[in-house]
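Residue numbers (the numbering used here): 178 to 263. Using N, Cα and C, we set each Cβ at its ideal position, and we do this for glycine too. To start, the structure itself, in structure tokens.
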């Protein structure tokens, strides 16, 4: 849609996880349990540039929120199941 071929040229259109790994992100993941992928190069200008730049962090924030809610629901379901069983 935005006609930027940078991600394709640098191999980011792959499902291979090693393509997206960042060494510093892996170190952070091992040390504090939170990591990050390699930044994807893109070339856009103006308003579209800001939209694309914000979608990555926003996507990670939404995913963290959803997984946090799921974890909370599973913990609540587990504690209610334990009180029913015993």
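Expressed to the nearest angstrom, what Euclidean distance is found between the alpha-carbon atoms of residue 199 and residue 214?
Answer to the nearest angstrom: the Cα atoms are 5 Å apart.
Kindly indicate which three-state DSSP category residue 229 falls into: helix, strand or coil?
Correct three-state label for residue 229: helix.
Going by the CB atoms, is the gap between residue 202 and residue 196 shorter than 7 Å?
In this structure, residue 202 does not lie closer than 7 Å to residue 196 by Cβ.
Can you give the Cα-Cα distance for residue 217 and residue 237, rounded to whole angstroms?
Going from the Cα of residue 217 to the Cα of residue 237 covers about 14 Å.
Secondary structure at residue 247, three-state DSSP: helix, strand or coil?
Here residue 247 sits in helix by DSSP.
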